[in-house]
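Shown next, in structure tokens, is the structure this report addresses.
Number of protein chains: 2
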Amino acid sequence: MGAVTAVDRSPKQDRSRATRQRLLEAAVACLAEHGWAGSTVSVVAERAGVSRGAAQHHFPTREDLFTAAVEYVAEERSTALRALFPDGAAGDRRAVVAALVDLYTGPLFRAALHLWVAASNEDQLGARVTELEARVGRESHRAAVELLGADESGPGVRETVQGLLDMARGLGLAHLLTDDTARRGRVVAQWADILDRELAD
Amino acid sequence: MGAVTAVDRSPKQDRSRATRQRLLEAAVACLAEHGWAGSTVSVVAERAGVSRGAAQHHFPTREDLFTAAVEYVAEERSTALRALFPDGAAGDRRAVVAALVDLYTGPLFRAALHLWVAASNEDQLGARVTELEARVGRESHRAAVELLGADESGPGVRETVQGLLDMARGLGLAHLLTDDTARRGRVVAQWADILDRELAD
């Protein structure tokens, strides 16, 4: 047996990373479609085309898998959002507001919502999700401040941005059962105008 | 058997109404504490001190009981809210905003949230909850417009009020896992100021 070099290890690590990623994406899709009760490690492994043993190697518990999944996808979305506006609000503050709100209407938000609601009744999951939610919340806030070109040293600016993200979360919830796209478009247009006036001061 | 008069029937009707009300209140408390999976007609009947048969006489199905419960409590809250501000925003628009947001942080919101999320994965419940949500949403909007003294004939005013209720819903969601009272207080103070400026125009 020769020394294991970086070159030797690399393809195996790549495969392992790809497997992990497939599991995380399958976990979010599964949560969004079937809710917490219908989302087990076995169901996700099958969906990802990975053996149950391999899934458990990456994620020893169900809580590990699903909190990691929501965090992974939230990071991916946040990166994609920043890439959309490389110049921040210099582009168009209203477009930034619309894009921020969009983050809360897709499968990631549905998955996160199922996880939060399940966590509110399950202690073990609760602690994990609370910590995750704080981290994702801070990151969303940072991205919003940056993209909106908001100066948080001004009085009330921090709370203005927080309220916008709370509204985005509420709009996501309104979209859970029915297609709320048309109404949401009108609300977002109006509040983007309000925000534009407030942040321009 | 003599004719059943209004006087004869009244005490029985009162008892029946009281039983119904106990069931509805127990159902909301049960949903808020245990979620949909832990909320059955039997559990609610026991909590309300009512026989399972009597519960099923009032509410033949689980869906009947829980949608009626959320609707009943929403109506009670809405009535109580209007009673708090008999003069509408003539009192204090910022106090109205705070009171509107408060509607979304108690057991009723938690119960409704569990019902919505369960409904998103269960077709039969979904149709019922969608209809309920539309009715409760319209009523909340009407109460908000009235209490804020908002003139919806003005451009964007309708969407301004809708956005406020979306924000309130999002703030309720943020309160699900952790005590968000302090942060919410700051966000509400800031947005109540913004809303006051917007509606004063």
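Same order as they appear, the protein sequences are chains A and Y.
Take 1 as the starting number for the first sequence in UniProt numbering and just add one per residue.
Take 1 as the starting number for the second sequence in UniProt numbering and just add one per residue.
Yeah, the Cβ is synthetic: ideal placement off N, Cα and C, and Gly gets one too.
At a beta-carbon threshold of 9 Å, the residues of chain Y lying near T160(A) are V187, Q190, W191 and I194, ordered along the chain. For the C-beta of S120(Y), the chain A residues within less than 7 Å are, from N- to C-terminus, L176 and L177. Residues of chain Y with a Cβ closer than 7 Å to the Cβ of T130(A) are, in chain order, L177 and T178.
Contact annotation: F85(Y) and L147(Y) have beta-carbon atoms nearer than 8 Å. No residue range can be given for E152(A), since it is assigned to no alpha helix (DSSP H) and is classified by DSSP as neither H nor E.
E46(A) sits in a helix when the DSSP states are folded into three classes.
In the three-state scheme derived from DSSP, where H, G and I count as helix and E and B as strand, L176(Y) is classed as coil.
DSSP places F109(Y) within a helical segment (H, G or I) once states are collapsed to three. Here P11(A) carries a helix assignment [DSSP, helix/strand/coil]. When the Cα atoms are used, I194(A) and D179(A) turn out to be separated by approximately 25 Å. Each residue's CA atom was taken as its position, placing E75(A) and A189(Y) some 30 Å apart. Fully enclosed alpha helix (DSSP H) runs of no fewer than 4 residues occupy 41-48 and 52-58 of the UniProt domain "HTH tetR-type" (17-77) of chain A, in order along the chain. Distance from the Cα of G154(Y) is smallest, within the candidate group L199(Y), D87(Y) and T19(Y), for L199(Y).
For the options C30(A), E63(A) and G88(A), the alpha carbon positioned closest to that of R47(A) is the one of C30(A). CA-to-CA, the gap between L115(A) and Q13(Y) works out to about 43 Å.
Of all alpha-carbon atoms in E122(Y), D64(Y) and V96(Y), the one lying nearest the alpha-carbon of G38(A) is that of E122(Y). Residue range T181 to A200 is occupied by the alpha helix (DSSP H) that includes E198(A). Judged by DSSP secondary structure, D92(Y) falls outside any alpha helix (DSSP H); it is assigned neither H nor E.
Each residue's CA atom was taken as its position, placing G172(A) and G163(Y) some 12 Å apart.
Residues L132, R135 and V136 of the same chain have their beta carbon placed closer than 8 Å to that of E71(Y), with the five preceding and five following residues left out of the count.
Within the model, the alpha-carbon separation for A143(Y) versus R158(Y) is close to 13 Å. Residues are counted here when their Cβ sits less than 7 Å from a Cβ of chain A; for the region 91-122 of chain Y these are L113, H114, W116, V117, A119, S120 and N121, given in chain order. Comparing alpha-carbon positions, the option among H58(Y), A32(Y) and D64(Y) lying closest to A127(Y) turns out to be D64(Y). S42(A) and V161(Y) have their alpha carbons spaced roughly 45 Å apart. Not flagged as an interface residue toward chain A: G53(Y), since no C-beta distance is shorter than 8 Å. Within chain A, the residues M167, G170, L171, A174 and V187 have their CB atoms less than 7 Å from the CB of D166(Y), given in chain order. Within a 10 Å sphere around the beta-carbon of H57(A) sit fewer than 16 other beta-carbons, which makes this residue exposed. Of the residues assessed, T105(Y) falls on the buried side of the cut-off, its CB having 16 or more other CB atoms within 10 angstroms. Taking C-alpha positions only, A69(Y) is separated from A111(Y) by approximately 9 Å. Under a criterion of Cβ atoms nearer than 7 Å, the residues of chain A adjacent to E133(Y) are, in order, L177. Straight across, the Cα-Cα distance linking A174(A) with A90(A) is about 30 Å. Using a Cβ distance threshold of 8 Å, D166(Y) and V28(A) do not count as a contacting pair. Shown here for G88(A): same chain residues with a beta carbon closer than 8 Å to its own, the five before and five after excluded, namely V96, E146, L147, L148 and G149 in chain order.
Straight-line spacing of the CA atoms in L103(Y) and S140(Y) works out to 10 Å.
Within the same chain, Cβ atoms closer than 6 Å to the Cβ of R184(Y) are found at L171, the five residues on either side in sequence being excluded.
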